[in-house]
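Chemist: Let me begin by handing over the structure; questions about it come next.
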Amino acid sequence: MQFIAPISTDLLLDEATRDGLYLKLIEQINKDFNFANEAVDFHASTTPHELKIQLHEKVFRLIQHKYAELLNLLYIIDVPEDNLKQLDGADTVELAEQIAFLILKREWMKVWFRAHY
1256 MQFIAPISTD LLLDEATRDG LYLKLIEQIN KDFNFANEAV DFHASTTPHE
1306 LKIQLHEKVF RLIQHKYAEL LNLLYIIDVP EDNLKQLDGA DTVELAEQIA
1356 FLILKREWMK VWFRAHY
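Just so you know, the sequence shown maps onto residues 1256 to 1372 in the working numbering.
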């Protein structure tokens, strides 16, 4: 079985839910954010839509007020630097959405590989 990265946040969250790995994804996000000292507490009852919105808001706040901490978080999560360099930072809201997707994509990759190998 080969990992194919989803092309959008909604498709990623749908795939995680369909594969029964959504709760593992939430656990991985909580673990990495807390390891980076950026506390988040997504509960098992958090819907995919709520996760998407709350993660976007968290990333937006980090861009606005704690940029160094955001960079540390991205390093801990292991978001590829090349992906970050391709982003357009002209619109902060859009940038936050793109970074949130990159975070979800990397976290999903970790969860998927653990479940399949």
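Positions of the beta carbon are idealized from the N, C-alpha and C atoms, including for glycine.
Can you find the residues in the same chain that come closer than 8 Å, C-beta to C-beta, to GLU1324, ignoring five residues on each side of it along the sequence?
Modeler: Short of 8 Å from the beta carbon of GLU1324, and not among the five residues preceding or following it, lie these beta carbons of its own chain, in chain order: ALA1291, ASN1292, GLU1293 and LEU1317.
Chemist: State the DSSP-derived secondary structure class of GLU1362, mapped to helix, strand or coil.
Modeler: GLU1362: helix per DSSP, three-state reduction.
Chemist: Does the Cβ of ASP1265 have 16 or more other Cβ atoms within 10 Å, making it buried, or fewer, making it exposed?
Modeler: exposed
Chemist: For a minimum of 3 consecutive residues, which ranges assigned as the beta strand (DSSP E) are wholly contained in the stretch 1280-1367?
Modeler: Within the stretch 1280-1367, no run of beta strand (DSSP E) reaches 3 residues while sitting entirely inside it.
Chemist: With 16 as the cutoff for other CB atoms within 10 Å, does HIS1304 come out buried or exposed?
Modeler: HIS1304 counts as exposed, since fewer than 16 other beta carbons sit within 10 angstroms of its beta carbon.
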